[in-house]
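Under this note's numbering, the first residue of the sequence shown carries the number 2, and numbering increases by one thereafter.
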Amino acid sequence: MKTILALTDFSECANNAVNFAVQSAKILPAEIILLHAFNVQSDLYTEYVGLEKEFNNSLHDDASKKLLDIKTSIEETEQVTVSTKLFKGTVKDAVEEAVGVTDVDLIVMGAMGASWLKEKLWGSTTASIIGSTDVPVMAVPHGYEWKKPEKMLLATNHFEKEPDILNYIFEMADLYMARLQVTVFTGESEKTASSLAHFRNIPKYEKLLQRHYPEDTLTISHLYGPEFEETLQKYIKEKEIDILVMITYQEDEGIWSRLFHPSKTKSMSYHTSIPLLAIPA
Numbered sequence: 002m003k004t005i006l007a008l009t010d011f012s013e014c015a016n017n018a019v020n021f022a023v024q025s026a027k028i029l030p031a032e033i034i035l036l037h038a039f040n041v042q043s044d045l046y047t048e049y050v051g052l053e054k055e056f057n058n059s060l061h062d063d064a065s066k067k068l069l070d071i072k073t074s075i076e077e078t079e080q081v082t083v084s085t086k087l088f089k090g091t092v093k094d095a096v097e098e099a100v101g102v103t104d105v106d107l108i109v110m111g112a113m114g115a116s117w118l119k120e121k122l123w124g125s126t127t128a129s130i131i132g133s134t135d136v137p138v139m140a141v142p143h144g145y146e147w148k149k150p151e152k153m154l155l156a157t158n159h160f161e162k163e164p165d166i167l168n169y170i171f172e173m174a175d176l177y178m179a180r181l182q183v184t185v186f187t188g189e190s191e192k193t194a195s196s197l198a199h200f201r202n203i204p205k206y207e208k209l210l211q212r213h214y215p216e217d218t219l220t221i222s223h224l225y226g227p228e229f230e231e232t233l234q235k236y237i238k239e240k241e242i243d244i245l246v247m248i249t250y251q252e253d254e255g256i257w258s259r260l261f262h263p264s265k266t267k268s269m270s271y272h273t274s275i276p277l278l279a280i281p282a
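Set out below in structure tokens:
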């Protein structure tokens, strides 16, 4: 782990995410790139009278000062190396540019809850980043207070075997010195064919993981049922999980739309109180 890209809009939610990035950088260890993106204002009248340029310059100067203040504070109090990037445009475009020119290992951003409007706006941004980047994204929930992760949970329904993905997950757990648990979920009831097939394959999957990743604390469980979000949330609470890990697949549009779009169903990313690490397949 060398570089963490931390996104900020200077909100309380973003501050929590930045703090997560800072505290993680001290453990992993890593350097931080602090990124802020703002959309320039464009209007024919304001452009004609010269107000547009003045307003956008004001936005730029204000954001630049805030980034510098945060950078200085982090470097002085946390002894973590921080660089800053200020981007005119959308958050998605800013992230694409940043990861295109820098070897980023992890993106950290806030995940807003609290109201339908905030969920709708921030959720679409979070889903957009997760769906478009090939870099793992850590979504830190609103109101989250940092604690060193002790338990990580990989939730999957693919019996993930890709070495690059598994290596990343086990490396993260090792760097955090956290115990890793794996749960295989089936979005159907206990007695369906797919649920029974998953149940039969779990012992084989557990042996495969233990053969390649000899972790004494590795455990595998099976979750099932149509109310996946509620079932997983209950499991997280019971097992005192600190970070939820999920793999994103192109064919998983259904599950990710459920996780990140409250207009379609309840959103795990808003309602969980722990960070969600989304890793692209």
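The beta-carbon is built from N, C-alpha and C at its ideal position, and this holds for glycine as well. The structure displayed is predicted, hence computed values, not measured ones.
Neighbourhood of residue i by C-beta distance below 7 Å, restricted to the same chain and skipping five residues each side
i: residue 267; result: Residue placement at residue 267 is flagged as unreliable, the pLDDT there being 32, under the threshold of 50; a coordinate-derived value is accordingly withheld.
i: residue 23; result: 33, 75, 79 and 81
i: residue 211; result: 219
i: residue 4; result: 31, 32, 34, 103, 104, 105 and 106
i: residue 98; result: 88
i: residue 83; result: 33, 35, 72, 75 and 76
Residue i versus residue j: straight-line alpha-carbon distance, rounded
i: residue 234; j: residue 242; result: 10 Å
i: residue 12; j: residue 146; result: 15 Å
i: residue 163; j: residue 207; result: 15 Å
i: residue 88; j: residue 160; result: 39 Å
i: residue 181; j: residue 152; result: 6 Å
i: residue 131; j: residue 240; result: 26 Å
i: residue 49; j: residue 58; result: With a pLDDT of 49 at residue 49, under the threshold of 50, the modelled position of that residue is not reliable, and the figure given next carries that caveat. Cα to Cα, residue 49 sits roughly 16 Å from residue 58.
i: residue 203; j: residue 197; result: 10 Å
i: residue 148; j: residue 66; result: 29 Å
i: residue 64; j: residue 205; result: 52 Å
i: residue 62; j: residue 71; result: 14 Å
i: residue 21; j: residue 77; result: 17 Å
i: residue 112; j: residue 2; result: 23 Å
Beta-carbon proximity list for residue i, same chain, < 6 Å, skipping 5 on both sides
i: residue 126; result: 92
i: residue 150; result: 177, 179, 243 and 244
i: residue 214; result: 171
i: residue 250; result: 282
i: residue 26; result: 5, 33 and 81
Close beta carbons around residue i, own chain, < 8 Å, minus the five adjacent residues each side
i: residue 166; result: 248, 280 and 282
i: residue 275; result: 142, 145, 237, 242, 243, 244 and 245
i: residue 232; result: 186, 224, 225 and 226
i: residue 209; result: 162
Whether residue i touches residue j by CB criterion (9 Å)
i: residue 36; j: residue 9; result: yes
i: residue 278; j: residue 245; result: yes
i: residue 85; j: residue 69; result: yes
i: residue 183; j: residue 221; result: yes
i: residue 29; j: residue 136; result: no
i: residue 157; j: residue 186; result: yes
i: residue 90; j: residue 40; result: yes
For residue j and residue i, believed in contact at Cβ under 8 Å, the rounded distance
i: residue 170; j: residue 154; result: Contact flag wrong, Cβ pair sits at about 10 Å.
i: residue 283; j: residue 38; result: Given a span of 2 to 282 for the chain in the structure shown, any question on residue 283 remains unanswerable.
i: residue 100; j: residue 134; result: 6 Å
With a threshold of 8 Å, are at least 3 pairs of Cβ atoms found where one atom belongs to the stretch 136–145 and the other to the stretch 3–19? The stretch 136–145 vs the stretch 3–19: in contact.
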